[in-house]
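Asks: In this note's numbering, the protein residues as written are 252 to 584. Using N, Cα and C, we set each Cβ at its ideal position, and we do this for glycine too.
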């Protein structure tokens, strides 16, 4: 199969490209910087230099492909207002541009990588793909732009017969993760997390390799027009750290970072954020994590695709092994 993958220099996209090559697919990657993507070319990928705002590159990238996996996105929570328009261009306009190019090129099958964040704060409920949120009350601008992009994909499926399957990963973790979850795990593993921020933040944590496997299951056998949540284990930030503590032989932090203190420090966000290893917009960080749950069930993917995610303990152990934090020989201990 000839597959175009966007976002292949990213955390999920890079693993998608590697997995596609291992499947025997011919892989084409849309990249902004050929030098940064040199490792992809060395592995056997064809590079198309351009971005989601370059129609000519998109036409070239989609031409002659059997499938497109759109995994590119600008993912960051806690951004200043000046960074909002670039995020909208990448996540919303870029998605529409790519899906238009796929339609124009008559690509037979498209997988759009969305997120469970489009459901917003589920307020302690575990929702599924049929859940419809109100189109307001977003916890972050990232959530808002991914919601808008999700609606673009759904509209093009309904109105223009886009042959697309949507996958919605939960909170993705694994070796090389630089998200807030990954940073929190790394700080704890390095003994630099004296107090836990947002311990009750609710996540459906999924290992990156399970997202990759689920994406290809959706590509190969997902029903066109259907969405599939790709999750792993429904949990909280506190429970994640407690699980990590058991694997690393450490004690979890006894204290939590007082949210009231963070709220009081919002005017000094850029300075405080840098000192705490947090983004500059503390207000958005708080609204996206304080008392929020991003809980969604992956039962549909399990039943319809044969998706079989690993549990959190297994995934964290494999992550720590890959990062050299625990010995592989101790895996069964």
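(1) Out of 306, 478, 460, which has the shortest C-alpha to C-alpha gap to residue 369?
(2) Go ahead and pull the three-state DSSP assignment for residue 543.
(3) Just list the residues that DSSP pairs residue 415 with in beta bridges.
(4) With DSSP as the reference, please indicate the residues paired to residue 257 in a beta bridge.
(5) Taking the alpha-carbon of residue 295 as reference, which of 324, 322, 309, 254 has the nearest alpha-carbon?
(6) Grab me the residues of residue 576's own chain with a C-beta within less than 6 Å of its C-beta, minus the 5 sequence neighbours each way, in chain order.
(7) Who pairs with residue 446 in a beta bridge, going by DSSP?
(8) Check the C-beta distance from residue 374 over to residue 486 and give it rounded, since I have them as a contact under 8 Å.
(9) For residue 362 versus residue 320, is the C-beta spacing smaller than 8 Å?
(10) DSSP on residue 337, reduced to helix/strand/coil?
(11) DSSP three-state call for residue 486: helix, strand or coil?
(12) How would you label residue 376, buried or exposed, when you count the other beta carbons within 10 angstroms and need 16 or more for buried?
(13) Would you call residue 268 buried or exposed, if buried means 16 or more other Cβ atoms sit within 10 Å of its Cβ?
(14) Could you pull out every residue in the same chain whose Cβ sits closer than 6 Å to the Cβ of residue 275, ignoring the five residues on either side in sequence?
(15) Spatial neighbours of residue 378 within its chain, please: C-beta separation below 6 Å, excluding the five flanking residues on both sides.
(16) Which same chain residues end up closer than 7 Å to residue 366 when comparing Cβ atoms and leaving out the 5 residues on each side of it in sequence?
(17) Based on the DSSP output, what are the partners of residue 297 in its beta bridges?
(18) Alpha carbons only, please: which of 497, 303, 260 is nearest the one belonging to residue 290?
(19) What would DSSP say about residue 458, mapped onto helix, strand or coil?
(20) Give the straight-line distance between the Cα atoms of residue 329 and residue 392, rounded to the nearest whole angstrom.
(21) With distances taken Cα to Cα, identify the nearest neighbour of residue 431 among 326, 386, 404, 339.
(22) Under the three-state reduction of DSSP, which class applies to residue 453: helix, strand or coil?
(23) Can you give me the C-alpha to C-alpha distance between residue 383 and residue 578, rounded to a whole angstrom?
(24) Quick check: what's the CA-CA separation for residue 495 versus residue 337?
(25) Please name the residue or residues paired with residue 422 in a DSSP beta bridge.
(26) Considering only C-alpha positions, which residue in the set 314, 405, 508, 285 is nearest to residue 355?
Replies: The structure says:
(1) That would be 478, whose Cα lies nearest to the Cα of residue 369.
(2) coil
(3) 361
(4) 281, 321
(5) 254
(6) 440
(7) 506
(8) Wrong, their Cβ atoms sit about 16 Å apart, outside the cutoff.
(9) yes
(10) helix
(11) In the three-state scheme derived from DSSP, where H, G and I count as helix and E and B as strand, residue 486 is classed as strand.
(12) exposed
(13) buried
(14) Counting only residues of its own chain and dropping the five nearest sequence neighbours on each side, residue 275 has no CB closer than 6 Å to any other CB.
(15) 370, 547.
(16) 397, 419, 420
(17) 279
(18) Out of 497, 303, 260, 260 has the C-alpha closest to the C-alpha of residue 290.
(19) strand
(20) 8 Å
(21) 326
(22) Three-state result, residue 453: strand.
(23) 44 Å
(24) 35 Å
(25) 456
(26) 314
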